[in-house]
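Student: Residue numbers (the numbering used here): 20 to 101.
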Amino acid sequence: MQPELKEQIEFALDTIRPYLEADGGNVRIVELTEDMVLKLELLGSCGSCPMSTMTLKAGVEEAIKRAIPEIIRVEAVNLTVA
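#1: Count the other CB atoms, across all protein chains shown, that sit within 10 Å of the CB of ILE91; report buried if there are 16 or more and exposed otherwise.
#2: By how many angstroms is the C-alpha of ASN45 removed from the C-alpha of ASP33?
#3: Check whether the Cβ atoms of LEU61 and SER71 sit closer than 8 Å, and answer yes or no.
#4: Taking the C-alpha atoms as reference points, what is the distance between GLY43 and ALA86?
#5: Answer with buried or exposed for GLU80, where buried requires no fewer than 16 other C-beta atoms within 10 angstroms of its C-beta.
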């Protein structure tokens, strides 16, 4: 992953991190695939929260795609389906 792209992703994640941290969670970048799919690890309570799928799609993915339109999708590598 290009350093400037990682920096843009981190910046976008920082806009939503306070909301995740308020609920005891966070996210960590795992990888950005060649076909521009961002894979994240959900940390803390985000890993087991039943609302994580909605948070990922409506919050995290929206923030990322708004900042970096080239990213086509955001996926969690450790999402447990409740």
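From the three backbone atoms N, C-alpha and C, an ideal C-beta is built for every residue, glycine too.
Tutor: Looking at the atomic coordinates:
#1: For the purposes of this step, residue 91 is identified with residue 72 of the sequence shown, where counting begins at 1. Around the beta-carbon of ILE91, fewer than 16 other beta-carbon atoms lie within 10 Å, marking it exposed.
#2: Locating residue 33 in the sequence shown gives position 14, counting from the first residue. Locating residue 45 in the sequence shown gives position 26, counting from the first residue. Going from the Cα of ASP33 to the Cα of ASN45 covers about 10 Å.
#3: Your numbering for residue 61 matches position 42 in the sequence shown. Your numbering for residue 71 matches position 52 in the sequence shown. A contact, by the Cβ cut-off of 8 Å.
#4: Taking the sequence shown and counting its residues from 1, the one referred to as residue 43 is at position 24. Taking the sequence shown and counting its residues from 1, the one referred to as residue 86 is at position 67. Taking the straight line from one Cα to the other gives about 24 Å.
#5: Position 61 of the sequence shown holds residue 80. With a 10 Å radius around the Cβ and a threshold of 16 neighbouring Cβ atoms, GLU80 comes out buried.
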